[in-house]
Amino acid sequence: IEIQMKGKPAILLVYMLNISILNAQLTAVEKGLHAITTDAIMAQLGFLASDWTEGRAAGERGEYLAGDYIASMLRLYGVKPGGDHSGRTDYTITGAAGERSYFQNFSLIRALPSGEPSVSISIRSGDGTRTINLANNVDFSVRPLYRSVRTEAPVVFAGYGFRNEKIKFDDFRKTDIRGKFILIISGYPEFADKRLTPHEINTSLRAAEDYAREKGAAGILEFDPGLLLAGKAPEPEFLNMSPAERSRGPYTYRPQYYLPGKTMPDNLIRIRISAAAAAEILKGSGISISEYIKHAGQNRSYDLPMLSGRSVSFSSDAILSQVAVRNVIGIIEGDDTDQAIVIGAHYDHLGMKDGYIWNGADDNASGTVGALMLAKALKATGVKPGKTIIIALWSSEETGLLGSRYFVRNPVIPLENIRMNLNFDMISRYISEENKKGVDMTYTASRALFRDITEANLKKYGIDLEVNYHPSDNPPGGSDHRSFVEAGIPVMRFKPGHREEYHTPSDEIHTIDQDIMEKIIRISFVNIWDLANSEW
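Using this note's numbering, you'd call the opening residue of the sequence shown number 733 and step up by one each time.
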């Protein structure tokens, strides 16, 4: 080949030819790994965790801005849109009528308690009915219901409300609780400490509420005989050091979000009352709390007198509204479109509050960038994967994993075609200053292959991570992989650890560690490449 050029242009052409030759010699995996660069990671993280995105609260302006940016990056990397088939304008990124956009649009219900709840006790006797109105946050405190309720129901006493089959103890065995408020003592019988583990005790305590709901109880009234006030006094504002430390008053609640359904949310009414309020309910009934505690603590039978003529009225109000949110979905089609791997991360965070922007650099701009970098690397291979890869950035994780739950209920491909989910959530901080290589890997125990390929690929590609493996039949955690676990889909998740910046305004980009983040992205990419291109 004769090059008719002189000087620098000829040198540049030779350089470009050399690069092309070198690139042609790289394997598909090596091309993908070369696409994962610190500059690309930090450039995307820098924008997503900037003040421009205003903390990315679900349904707010900053989250929409972040969603448009994510969709733009997927388009830049050559990932096809995998969201709704829609002809309407989906803000800045859309397709022609009938084509997919990058957005999976859905609505949440936003619920916020309004005003103060009220509780009153009515006691009927031969002389008539006596009504006692209780004071909120003094005589009672109530777990917020996030729905408007008006109810009146009789009261029954059920000891601790404790049930455990192993020790044959059941406070509900002779009590009809349907349609009634259940008055219970906080805690559990003393002898259970010698017969049950702390985990078994806690499980039984949690199960009592499920049992009450299942049997149709109107609600639970709980009291501690030594508790003189029900509720907590707010700290004086002058004791607070900064807006981020400002405590909320006793009547102020944050909104709750949930997906709309065909039934109303079934939140059991749970009211904590003072010892004085409980004494009013029990007065003249013949029930001795001290005698019950003594007999139950020794596992001795004790027949309780019936509690009659007592009822409780409860009311609370809530304001409901709709919030429009979006998952961002991209698809890399594989040779087999009937098998898919979902790579997911939530891109929402906590928004703006207390005078701060909660930028959420680690939680979860880092995981969002992880998913985008895998999209970049997968396309950089230049090879179509064997299985289809779905890149999914979830909205509304911080409000209850709602974006991933909506996707699982409304998948863009049949749910049975999804082979696994890789979840990125908080991948940019060390476990501790002493352990700057440690990573926990949570995965579905029945997929031992996930550990096998990780161990092999760490060694093969020289990725310097110390992985602590946590197989589980029911992989735990408060992140979006749980939506897939609940649907019976295997999962894999890498995570270094929670640090002191978690869910504070201090979760800023300067606190993250790009080294461990890049390593997690690299091992995830080679794992996904192997899983996408093999039978298992």
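C-beta: ideal position from N, C-alpha, C; glycine also.
message = For valine 870, which residues in the same chain have their Cβ closer than 8 Å to its Cβ, ignoring the five residues on either side in sequence?
response = Numbered from its first residue, the sequence shown carries residue 870 at position 138. Result list for valine 870: Leu961, Ala962, Gly963, Ser1006, in chain order.
Cβ-Cβ distance between glutamate 1240 and serine 1045 below 9 Å: Taking the first residue of the sequence shown as 1, we reach residue 1240 at position 508. Taking the first residue of the sequence shown as 1, we reach residue 1045 at position 313. Their beta carbons are not under 9 Å apart, which means glutamate 1240 does not touch serine 1045 by this criterion.
- Using beta-carbon positions only, say whether isoleucine 1073 and isoleucine 1121 come within less than 9 Å of one another. Residue 1073 sits at position 341 when you count from the first residue of the sequence shown. Residue 1121 sits at position 389 when you count from the first residue of the sequence shown. Going by C-beta atoms, isoleucine 1073 is nearer than 9 Å to isoleucine 1121.
Environment of isoleucine 1051 [buried if 16+ CB atoms lie within 10 Å]:
Within the sequence shown, residue 1051 is the residue found at index 319, counting from 1. The residue is exposed, with fewer than 16 neighbouring Cβ atoms inside 10 Å.
For this session: Can you say whether glutamate 831 is buried or exposed, counting buried as having 16 or more other CB atoms within 10 angstroms of its CB?
Result: The residue given as residue 831 occupies position 99 in the sequence shown. With fewer than 16 other Cβ atoms inside 10 Å of its own Cβ, glutamate 831 counts as exposed.
Rounded C-beta distance between glycine 810 and tyrosine 834? I'm assuming under 8 Å.
The residue labelled residue 810 in the question sits at position 78 within the sequence shown. The residue labelled residue 834 in the question sits at position 102 within the sequence shown. So it is not a contact: roughly 13 Å between Cβ atoms.
Spatial neighbours of valine 881 within its chain, please: C-beta separation below 6 Å, excluding the five flanking residues on both sides. Counting from 1 along the sequence shown, the entry for residue 881 is found at position 149. In chain order, Ser1048 place their CB closer than 6 Å to the CB of valine 881, counting only its own chain and leaving out the 5 sequence neighbours on each side.
Reduced DSSP secondary structure (H/G/I, E/B, other) of methionine 996: Your numbering for residue 996 matches position 264 in the sequence shown. It is coil, neither helix nor strand.
| message | Please return the same chain residues whose Cβ sits closer than 7 Å to the Cβ of alanine 1264, not counting the five positions on each side in sequence. | response | The residue given as residue 1264 occupies position 532 in the sequence shown. Gly1066, Ile1073, Pro1117, Gly1118, Lys1119, Ile1121, listed in sequence order.
query = Can you tell which of Val1217, Leu1197, Leu777 has its C-alpha closest to the C-alpha of aspartate 1205?
reply = Start at 1 with the first residue of the sequence shown, and residue 1205 comes out as number 473. Out of Val1217, Leu1197, Leu777, Val1217 has the C-alpha closest to the C-alpha of aspartate 1205.
Handout entry: asparagine 896 (DSSP reduced to helix, strand or coil)
Key = For the purposes of this step, residue 896 is taken as the residue at position 164 of the sequence shown. Here asparagine 896 sits in strand by DSSP.
Next on the checklist: Below 8 Å on the Cβ atoms is my contact criterion, and I expect serine 1053 with arginine 895 to pass it. Report the Cβ-Cβ distance as a whole number of Å.
Outcome noted: As a working mapping, residue 1053 is identified with position 321 in the sequence shown. As a working mapping, residue 895 is identified with position 163 in the sequence shown. Rounded to whole angstroms, the Cβ separation of serine 1053 and arginine 895 is 39 Å, and the two are not in contact under 8 Å.
Do you know offhand how far leucine 1147's Cα is from alanine 1028's?
-> As a working mapping, residue 1147 is identified with position 415 in the sequence shown. As a working mapping, residue 1028 is identified with position 296 in the sequence shown. Cα to Cα, the separation comes out at about 49 Å.
With DSSP as the reference, label arginine 1031 as helix, strand or coil. Taking the first residue of the sequence shown as 1, we reach residue 1031 at position 299. The question names arginine, but residue 1031 is asparagine in the sequence shown. Residue state, collapsed to three classes: coil.
Proximity to isoleucine 1150 [Cα-Cα], best of Ile1253, His817, His766, Gln1071 = Counting from one through the sequence shown, the residue named residue 1150 turns up at place 418. It is Gln1071.
Practice prompt. Measure the alpha-carbon distance for valine 1140 versus glycine 1016 and round it to whole angstroms.
Written response: As a first step, residue 1140 is located in the sequence shown; it is residue number 408 there, counting from the start. As a first step, residue 1016 is located in the sequence shown; it is residue number 284 there, counting from the start. Those two C-alpha atoms are separated by around 54 Å.
- Query: So, using beta-carbon positions, are isoleucine 1001 and glycine 948 closer together than 9 Å?
  - Reply: Locating residue 1001 in the sequence shown gives position 269, counting from the first residue. Locating residue 948 in the sequence shown gives position 216, counting from the first residue. No, Cβ-Cβ distance for isoleucine 1001 and glycine 948 is not below 9 Å.
Exercise. In chain order, what residues of the same chain have a beta carbon less than 6 Å from the beta carbon of tryptophan 1268, not counting five sequence neighbours either side?
Worked result: Stepping through the sequence shown from its first residue, residue 1268 is reached at position 536. Cβ within range, chain order: Leu1181.
Which runs of the alpha helix (DSSP H), 4 residues or longer, sit entirely within the stretch 1073-1132?
Within the stretch 1073-1132, the complete alpha helix (DSSP H) runs of at least 4 residues fall at 1099-1112.
Taking the alpha-carbon positions, what's the methionine 1152 to alanine 1124 distance?
Along the sequence shown, read from residue 1 onward, the residue named residue 1152 stands at position 420. Along the sequence shown, read from residue 1 onward, the residue named residue 1124 stands at position 392. Those two C-alpha atoms are separated by around 13 Å.
For this session: Measure the CB-CB distance between valine 1101 and leucine 808 and report whether it falls below 9 Å.
Result: Mapped onto the sequence shown, residue 1101 falls at position 369. Mapped onto the sequence shown, residue 808 falls at position 76. No.
Could you tell me how far apart the beta carbons of serine 1043 and proline 886 are, in whole angstroms, since I believe they sit closer than 8 Å?
Looking up residue 1043 in the sequence shown gives position 311. Looking up residue 886 in the sequence shown gives position 154. Contact check for serine 1043 and proline 886: beta-carbon distance about 5 Å, within the 8 Å limit, so the pair qualifies.
Can you list the beta strand (DSSP E) stretches of 3 or more residues lying completely in the stretch 1181-1258, in chain order?
The stretch 1181-1258 is shown to contain whole beta strand (DSSP E) runs of 3 or more residues at 1198-1204, 1223-1227, in chain order.
- Query: If you draw a straight line from the C-alpha of isoleucine 1252 to the C-alpha of tyrosine 1201, how long is it?
  - Reply: Here residue 1252 refers to the residue found at position 520 of the sequence shown. Here residue 1201 refers to the residue found at position 469 of the sequence shown. CA-to-CA, the gap between isoleucine 1252 and tyrosine 1201 works out to about 14 Å.
Q.
Using the Cβ count rule (16 or more neighbours within 10 Å means buried), how would you classify glycine 1273?
A. Residue 1273 lies beyond the range of the chain shown here (733 to 1268); nothing can be said about it.
Next on the checklist: Quick check on DSSP: helix, strand or coil for aspartate 800?
Outcome noted: The residue you call residue 800 lines up with position 68 of the sequence shown. DSSP places aspartate 800 in helix when its eight states are reduced to three.
Residues in the same chain with beta-carbon distance under 7 Å from alanine 1219, minus the five sequence neighbours each way, listed in chain order, please.
Counting from 1 along the sequence shown, the entry for residue 1219 is found at position 487. Closer than 7 Å at Cβ, skipping near neighbours: Val1140, Leu1147.
Smallest Cα separation from glycine 1229: which of Ile1003, Thr995, Arg1161?
-> On the sequence shown, residue 1229 is found 497 positions in, with the first residue counted as 1. Nearest C-alpha to glycine 1229: Arg1161.
task: Give the single residue among Tyr943, Leu797, Ile914, Val761 whose Cα lies nearest to the Cα of valine 1057.
output: Position 325 of the sequence shown, counted from the first residue, corresponds to residue 1057. Nearest of Tyr943, Leu797, Ile914, Val761 to valine 1057, Cα basis: Leu797.
For the alpha helix (DSSP H) holding glycine 919, just list the boundary residues, first then last. Translated into positions along the sequence shown, residue 919 becomes position 187. For glycine 919, there is no enclosing alpha helix (DSSP H), as DSSP gives it neither H nor E.
With a threshold of 6 Å on Cβ separation, who are the neighbours of alanine 1112 within its own chain once the five nearest residues in sequence on each side are excluded? In the sequence shown, residue 1112 corresponds to position 380, counting from 1. In the same chain as alanine 1112, and ignoring 5 residues on each side of it, the C-beta atoms closer than 6 Å to its own belong to Lys763, Gly764, Ala767, in chain order.
* How is leucine 1052 classed by DSSP in three states: helix, strand or coil? -> Locating residue 1052 in the sequence shown gives position 320, counting from the first residue. In the structure shown, leucine 1052 sits in a strand (DSSP, three-state: E or B).
**Prompt:** What do you get for glutamine 836, buried or exposed, if any count of 16 or more other CB atoms within 10 angstroms of its CB means buried?
**Reply:** Stepping through the sequence shown from its first residue, residue 836 is reached at position 104. Buried: at least 16 other Cβ atoms inside 10 Å.
Can you have a look at proline 992 and say buried or exposed, based on whether 16 or more other CB atoms are within 10 angstroms of its CB? Here the question's residue 992 lines up with position 260 in the sequence shown. Counting the other Cβ atoms within 10 Å of the Cβ of proline 992 gives fewer than 16, which makes it exposed.
Integer Cβ distance of lysine 713 from leucine 928, believed to fall under 8 Å
Nothing about residue 713 can be read from this structure; the chain reaches only from 733 to 1268.
- [ ] Inspect the beta-carbon positions of aspartate 1095 and histidine 1235 and report whether they are closer than 9 Å.
- [x] The residue given as residue 1095 occupies position 363 in the sequence shown. The residue given as residue 1235 occupies position 503 in the sequence shown. Yes, these two residues count as a Cβ contact at 9 Å.
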